[in-house]
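Each number in the working numbering corresponds to the 1-based position in the sequence shown with 514 added.
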Amino acid sequence: MEDSILAKLLESFADMPDPRVVGRTDHHLLDILVLTVCAVVCGADDWEAVEMWGEAKLEWLRQYIPLKNGIPSHDTIGRLFAAMNSATFQACFTRWVSTVCDSLVGQVVAIDGKTMCGSHERRLGKKAIHMVSAFASTQGITLGQLKTAEKSNEITAIPELIAMLDLKGSIVTIDSMGCQTEIAKAITEQGADYVLALKGNHGKLHEQVGEFFEIAEQYKYKALDAKPDDTCEKDYGRIESRRVVALSSVHLEQVGAWAGLKSMIMVESIREIGEKRTSERRFYISSLEPDSKQIGNAIRAHWGIENKLHWCLDVTFKEDACRIRAGHAAENFNIIRKITMNLLRQDTSMKRSIP
């Protein structure tokens with residue numbers, strides 16, 4: 515572990531309040547934090563595994579943290595993370611990320627939610643936690659997250675998450691749940707741009723955009739200064755062609771309701787597998803100028819949050835199978851996993867890729 519990495523981590527979490535009774539603790543909070551992060555890096559997925567790993571690596575750990583009273587028990591570790599204020603822990607996480615994250619100018623920040631399936635407790639009527647995360651797609655690191663009771667609450671959680679972060683100069687991408695005028699306003703007020711997915715539940719706006727592209731296609735986009743971006747991928751008998759067309763949104767009736775709106779976008783995907791051929795059209799709106807290539811790249815980059823974050827949490831860290839759920843422990847352990855992923859992706863000494 516590099517001293518600079520450890521120093522940044524300890525400095526960022528130094529003022530994290532300890533929820534335990536003063537004078538009745540045998541293990542320092544930061545010692546437990548570093549122990550837990552290191553154990554999770556090595557595959558620990560519950561408090562018992564953290565304790566076992568710590569016992570096996572005690573002498574190595576003491577090169578970096580005191581651990582004067584040895585390794586805490588799994589019960590001690592679990593009680594601490596259950597009692598820790600998750601909002602304060604998240605604030606410390608965001609502060610730490612700001613010390614390791616490169617500039618976000620021109621980069622895609624994808625925002626999306628994921629349900630932690632194992633965090634529910636049916637006996638107590640407790641629903642599973644839904645975490646909304648902001649993910650820097652190029653760097654592959656999580657910038658921040660916010661807990662909601664369920665997916666339907668993403669609409670209110672996203673503006674709060676945006677307010678927590680410094681997104682100036684970035685391109686924020688969100689699926690159709692986040693295609694809301696207030697969210698567009700919150701993004702532009704941060705000095706960032708947006709690309710928002712548009713679906714049928716957006717009624718008239720979705721209908722207008724779809725009709726406009728139908729008419730534009732009939733005239734082959736003449737007089738619209740459109741420059742479609744076409745790509746084709748071939749892989750193991752599958753051929754996928756994608757066309758992105760961005761047009762000025764100036765003709766949309768609702769253009770004034772959306773802060774900074776400049777573009778409407780159509781993405782047409784055609785997939786061929788053997789004799790089977792399927793096609794799909796998706797629509798978006800954006801505050802970027804109608805540059806088909808730039809916006810198309812941003813839309814593709816958005817899926818990094820599914821492949822590099824959500825998939826990794828489920829498959830590598832087994833988050834959905836995790837039954838840690840006492841107090842604030844589930845959401846705090848989610849932050850630990852993201853600290854771990856961020857550390858691994860920042861480590862340039864590794865020659866193998868991180869999932």
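Glycine is no exception: its CB is placed at the ideal position from the N, C-alpha and C atoms.
Helix, strand or coil: which one does DSSP assign to K625?
The sequence as given places Ile at residue 625; Lys does not occur at that position. DSSP places I625 in strand when its eight states are reduced to three.
Which residues share a DSSP beta bridge with Q659?
S647
For V709 versus I672, is the C-beta distance shorter than 8 Å?
no
Using a threshold of 8 Å, state whether the C-beta atoms of D616 and Q653 are closer than that.
yes
Can you give me the C-alpha to C-alpha distance between A642 and P804, rounded to a whole angstrom?
40 Å
Does the stretch 837-852 come within contact of the stretch 591-598, defined as at least 3 CB pairs closer than 8 Å?
yes
The alpha helix (DSSP H) enclosing I712, as first and last residue numbers:
Checking the displayed sequence, the identity of residue 712 turns out to be Leu instead of Ile. It is not in any alpha helix (DSSP H) - L712 instead sits in the beta strand (DSSP E) that spans D707 to L712.
Does the structure place the stretch 619-629 close enough to the stretch 561-578 that three or more beta carbon pairs sit under 8 Å?
no
Would you say A771 and V759 are within 8 Å of each other, going by their C-beta atoms?
no
Work out the CA separation of W825 and D589 for me, nearest whole Å.
29 Å
Please report how far the alpha carbon of I787 lies from the alpha carbon of I753, in whole angstroms.
7 Å
DSSP three-state label for K852, please.
helix
Buried or exposed: which applies to A528, given that a residue is buried once 16 or more other Cβ atoms fall within 10 Å of its Cβ?
exposed
Looking at G632: is its Cβ nearer than 8 Å to the Cβ of R837?
yes
Starting from D749, follow the beta strand (DSSP E) in both directions and report where the run begins and ends.
D743 to D749
With a threshold of 8 Å between beta carbons, is Y733 in contact with chain D?
The structure shown contains no chain D; it is built from a single protein chain.
Buried or exposed: which applies to S801, given that a residue is buried once 16 or more other Cβ atoms fall within 10 Å of its Cβ?
buried
Quick check: what's the CA-CA separation for R493 versus E562?
With the chain running from 515 to 869 in the structure shown, residue 493 is simply not present.
How would you call P586, buried or exposed, if buried means at least 16 neighbouring beta carbons within 10 angstroms?
buried
Sequence-distant residues of its chain with Cβ nearer than 6 Å to V555 (five each side left out)
T854
Taking contact to mean 3 or more Cβ pairs, one atom from each stretch, closer than 8 Å, check whether the stretch 687-700 and the stretch 708-722 are in contact.
yes
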